[in-house]
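Here the structure comes first, spelled out in structure tokens, and everything after it is commentary.
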Amino acid sequence: MTTTGTTWDIASVVDTLLEAERTATARSSIAKEWPGLDVATAYDAQDLALRRRHERGERTVGVKLGLTSKAKQAQMKVDEPSVAWLTDAMELKAGRSIPVDELIHPRVEPEIVFVLDKPLRGPGVTAASALAAVGVVMAGLEIIDSRFAGYGFTLPDGIADNNSSGLFATGSVACAPNGLDLALEGCLLEIDGAVVDSATGAAVLGHPAEALAFAANQFGRRGHTLEPGWIVLTGGLTNAVPVEAGARIAAHFSHLGSVVVSG
Amino acid sequence: MSAPTATGETALHRDAAEHLLGAYAAGKAVAPVVEAFPQATITDAYRIQQVQVARWVADGDRVRGHKVGLASAAMQRQAGVNQPDYGHLTQSMFFLEHEPIPPGTFLQPRIEPEIAFVLARPLRGPGVTVADAVSAIDFVLPALEIVDSRVADWRIGIVDTISDNASSGGVVLGATPVSPRSVDLRLTGCVLHHNGVVAATGAGGAVLGSPINSLVWLANTVGPLGIELEAGHVVLPGSMTSAQTISAGDTVATTIAGVGSVTAVMGREESQ
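If you read the sequences in order, they're chains A and B. One rule links them: number in the numbering used here = place in the first sequence (from 1) + 228. One rule links them: number in the numbering used here = place in the second sequence (from 1) + 105.
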């Protein structure tokens, strides 16, 4: 380890990861150097990093989920998803390409996105009550970018790193959730016009509303309410795919329209 | 389709066909075709397949359609190929939705959700377009294809699987027909439940961008060989998800948005 001698605490974890993000520089696992970085401490780091983002003028716009598929949970040896914060600085505005040069090793994954029109505060939120708080459903693409080399991180590393947050893009159609079967909502992921993967909403905990309920309950236990107007990225429907400069990435959904970005 | 032609058949084709027919007869998988017959090419592999189909027809079975395999980017990467393959569906491969499939029917079965096409009119390539293919379809059905390999441990390359009838096993068709005009076959979503748990999800476009493209590919690939896709034939265009390994006693169901659902029941060994 090159950082032998570093005395870690929550503040130094946050400063290190935010600096790694700013300079687009990958580093090695922190949790392997500091056994004190457990899941609870990692969420404290995530919350402190959000305060640092607020101090530089960013605003909280929502939350996101990770580890929503069985395969990813098995890979991290956990049996539940993880959550993280979204700020307005993470929005990739329509028509803008992914700033590949400012990122470390971006990967993209298609997601079903909720925008809340009622507050949600757990514990005790169910998939049905969560869905009833959704205002609109949209197609989304999340561009993740771990601050850890080769995406080699432990669960606490990933949580402290705000679940590899990078950028997110939403589609051009806002759909009412009424009448949509999101478990069967189909999604094709295309790179340069070729289908590379496909899935439905059921790939996320069986139904994206289960992911929303999980987020409401997880944040609720930490004293946070999911607020009206907040965006919820419910988790990758497919495996994340590396973003190459110049690539054209599209997610096409059966009812939610399409979202297209360029690398 | 009439019985496959034996034109161009050589001892290699007959011997390799006997190698695979031996697996069916013994109920035991055999060594890869390319190990026993290293000189076999893809063209040889289709002839080896046809020798077996001709044997089944001579023994009283009937060709009732075709299947396309290796139709998704994921499957092609896995097999190290950049094109699909095809096999024959015979009458004995069709199983009913409500009847448990007897244990021992397959050697090492895996299951895949598909959108089956039933043709109203024949299709004969080359030159078949998407428009021709759509207008030749009578209706679509939700389907579960059971793929199987006569090659031990699925140690297959492209020559092995084509020789082995594109790893065909069986098919269970749902019984409610839907018009291809009423469904977006490219964007429709598909969920596969294995013993009640979501095992895989996908969408129609995983199959060559659209399952219709698979039908076009099949018609244009077999046409020059003198094979016509016949009215009434079933075409399985390829799996929308990865294949799932199944065992005796399993229940597998797929739901395809706008197309419907179908369930396959793998029978248990009877206890005495």
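Yeah, the Cβ is synthetic: ideal placement off N, Cα and C, and Gly gets one too.
Could you list the residues in the region 358-369 of chain B with a C-beta less than 7 Å from some C-beta on chain A, going in chain order?
Going along the region 358-369 of chain B in chain order, one finds T360, A362 with a Cβ nearer than 7 Å to chain A.
Could you name the residues of the same chain whose beta carbon sits closer than 6 Å to that of E308(A), not counting the 5 residues immediately before and after it, in chain order?
Answer for E308(A): no residue qualifies.
What residue range is occupied by the uninterrupted alpha helix (DSSP H) comprising G491(A)?
Unbroken run through G491(A): none, as it is neither H nor E.
Given a cut-off of 8 Å on the beta-carbon distance, is the pair A322(A) and Q274(A) in contact?
With respect to Q274(A), A322(A) sits apart: the two C-beta atoms are not nearer than 8 Å.
Tell me where the alpha helix (DSSP H) around H124(B) begins and ends.
Looking at the DSSP string, the run of the alpha helix (DSSP H) that includes H124(B) is 116-131.
Could you name the residues of the same chain whose beta carbon sits closer than 6 Å to that of G387(B), not counting the 5 residues immediately before and after it, in chain order?
What the structure shows of chain B is the stretch from 106 to 377, and residue 387(B) is not part of that stretch, so it cannot be assessed.
Would you list the one or two residues that DSSP bridges to A52(B)?
The displayed coordinates of chain B run from 106 to 377. Any statement about residue 52(B) would go beyond what the structure contains.
Closest residue to T234(B) among R119(B), A362(B), G132(B), L323(B) (Cα-Cα distance):
Checking every option, the nearest Cα to that of T234(B) belongs to L323(B).
Who are the near neighbours of E333(B) in its chain, counting only those whose CB is closer than 6 Å to its CB and skipping five residues on each side?
Excluding residues within five positions, the ones whose Cβ falls inside 6 Å are P227, R229.
Residue nearest to Q349(B) in terms of C-alpha spacing, selected from I206(B), Q213(B), G294(B)
Of the listed residues, the one whose Cα sits closest to Q349(B) is Q213(B).
Would you tell me roughly how many angstroms separate the C-alpha atoms of E337(A) and V306(A), rounded to the nearest one?
The alpha-carbon atoms of E337(A) and V306(A) are separated by roughly 21 Å.
Would you verify that the beta carbon of T428(A) is, or is not, closer than 8 Å to some beta carbon of chain B?
It does: the Cβ of T428(A) has a partner Cβ on chain B nearer than 8 Å.
In angstroms, rounded to a whole number, what distance separates the CA positions of T356(B) and R286(B)?
Cα to Cα, the separation comes out at about 31 Å.
Less than 8 Å between the C-beta atoms of I242(B) and F211(B), yes or no?
Taking C-beta atoms as the reference points, I242(B) and F211(B) fail to come closer than 8 Å.
Of all the options H483(A), E247(A), E261(A), G294(A), which has the alpha carbon lying nearest to the alpha carbon of G407(A)?
Taking each of H483(A), E247(A), E261(A), G294(A) in turn and checking the Cα distance to G407(A), the smallest one comes out for H483(A).
I believe A121(B) touches V135(B) by the beta-carbon criterion, under 8 Å. Please report the beta-carbon distance rounded to the nearest angstrom.
About 10 Å separates the two Cβ atoms, so there is no contact after all.
How about A431(A): is its C-beta nearer than 8 Å to some C-beta of chain B?
Interface residue (Cβ-Cβ distance to chain B less than 8 Å): A431(A) is classified as such.
If you measure from the beta carbon of T281(B) to each beta carbon in chain C, is any gap under 8 Å?
Here the protein chains are A and B, and chain C is not one of them.
Buried or exposed (CB count within 10 angstroms, at least 16 for buried), H203(B)
Result: exposed.
Are T201(A) and S297(A) close, meaning C-beta to C-beta below 8 Å?
This structure cannot speak to residue 201(A), because chain A is shown only from 229 to 491.
Just to check my reading of the structure: I216(B) and L246(B) have Cβ atoms closer than 8 Å, yes? What is that Cβ distance to the nearest angstrom?
Not confirmed; about 16 Å, so no contact.
Starting from W322(B), trace the alpha helix (DSSP H) both ways and give me its first and last residue.
Counting along the chain, W322(B) sits inside the alpha helix (DSSP H) bounded by residues 316-327.
Short-range partners of chain A found in the region 292-311 of chain B, where Cβ spacing is below 8 Å:
Sequence-ordered contacts of the region 292-311 of chain B with chain A read L292, T293, G294, C295, V296, V303, T306, G307, A308, G309, G310, A311 [C-beta pairs closer than 8 Å].
According to DSSP, what are the bridge partners of S310(A)?
Paired residues: G294(A).
What residues of chain A sit near G314(B), judged by a beta carbon separation below 7 Å?
Under the 7 Å cutoff, chain A gives V423.
Does L313(B) pass the burial test, meaning 16 or more other C-beta atoms within 10 Å, or should it be called exposed?
So L313(B) counts as buried.
On the three-state DSSP scale, how would you describe S107(B)?
Note that S107(B) scores 39 on pLDDT, short of 50, meaning its location in the model is unreliable and no value can be drawn from it.
List, in chain order, every chain A residue whose beta-carbon is nearer than 9 Å to that of A178(B).
Simply A422, V423, V424, D425.
Let me confirm a value: N391(A) is counted as buried when at least 16 other C-beta atoms fall within 10 Å, else exposed. Which label applies?
Answer is buried; the Cβ neighbour count reaches 16.
Along the chain, where does the beta strand (DSSP E) that runs through L416(A) open and close?
L416(A) -> beta strand (DSSP E) spans 414-419.
Counting only beta-carbon separations shorter than 8 Å, does E413(A) have a partner in chain B?
At least one beta carbon of chain B lies nearer than 8 Å to the beta carbon of E413(A).
For chain B, is any of its Cβ atoms less than 8 Å away from the one on S357(A)?
For S357(A), the closest Cβ of chain B is not nearer than 8 Å.
Using a beta-carbon distance below 8 Å, is S393(A) in contact with chain B?
With 8 Å as the cut-off, S393(A) does not count as an interface residue toward chain B.
Give a yes or no on whether 8 Å exceeds the smallest Cβ distance from T237(B) to chain A.
According to the sequence as given, residue 237(B) is Asp; it is not Thr. No, because no Cβ of chain A sits closer than 8 Å to the Cβ of D237(B).
Which of helix, strand or coil does DSSP assign to T230(A)?
Low confidence applies here, because T230(A) scores a pLDDT of 49, under 50, leaving its location unreliable; read the following figure in that light. Coil, per DSSP.
First and last residue of the beta strand (DSSP E) that includes V423(A)?
422-428 is the span of the beta strand (DSSP E), which, as asked, contains V423(A).
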